[in-house]
Amino acid sequence: KSQLNPPPLISDDTFNVLDLAEYTKNRPWWRKMFAPSSGSSAEKYNVATQLVIGGVTGWCTGFIFQKVGKLAATAVGGGFFLLQIANHTGYIKVDWNLIQRDMNKAKQQLKFHTSGDKMPPEVKSRVDEVVIFLKKNAILTGGFAGGFMFGMAS
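Numbering-wise (this note's numbering), the sequence shown opens with residue 3 and increments by one.
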């Protein structure tokens with residue numbers, strides 16, 4: 003009959019406290035989402051694997067994008083067609099003066115918001131993160147772009 007040995011006693015001073023809130027504040031968003039050990043795909047996979055992964059995911063995305071795009075175009079076009087029929091038969095009366103006034107307000111707001119040529123810092127930091135990610139994963143990104151084009155064409 004074998005005896006189980008109890009685990010050795012460990013003193014409390016050997017444990018370190020890790021504040022996860024502070025740790026995650028300094029991590030990019032993709033590292034927070036995909037775990038701290040996930041780096042760029044260039045560090046994990048060879049070139050052929052990156053191209054295949056990027057190409058397949060790009061093709062799937064392009065194919066789905068194409069199908070959803072056709073469905074959305076059909077829905078918008080059909081809705082516009084039905085509205086035109088309703089307008090010509092008298093079911094709907096369009097107040098063009100109200101539309102013109104609202105369009106002028108929207109133009110003024112767009113001029114006000116686009117008068118500054120600088121991006122807000124939140125947008126700039128996100129754009130910088132995306133650019134860094136794309137540079138680190140250039141082969142995967144290229145495979146995705148090619149696959150996306152094939153998916154859109156099929």
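Virtual Cβ for every residue (Gly too), placed ideally from N, Cα, C.
All figures in this text were calculated on a predicted structure; none of them were measured in a lab.
- Take M151, set aside five residues on each side of it, and the residues of its chain with a beta-carbon closer than 8 Å to its own are G60 and G64, in chain order.
- Within a 10 Å sphere around the beta-carbon of F146 sit 16 or more other beta-carbons, which makes this residue buried.
- Taking C-beta atoms under 8 Å as the contact rule, G57 and G148 qualify, at a distance of about 6 Å.
- In this structure, I134 lies away from V49, with their beta-carbon atoms at least 8 Å apart.
- Non-local beta-carbon contacts of Q68 in its own chain, meaning distances under 6 Å to residues more than five positions away in sequence, involve M154 in chain order.
- At least 8 Å separates the beta-carbon of N89 from that of V78.
- Assignment of S127 by DSSP, reduced to helix, strand and coil, places it in the helix class.
- Collapsing the DSSP output to three states places D104 in a helix.
- Put simply, the backbone Cα of L112 is about 15 Å away from that of Q102.
- Per DSSP, reduced to three states, the secondary structure at I87 is helical.
- Counting along the chain, no alpha helix (DSSP H) covers I94, and no H or E run does either.
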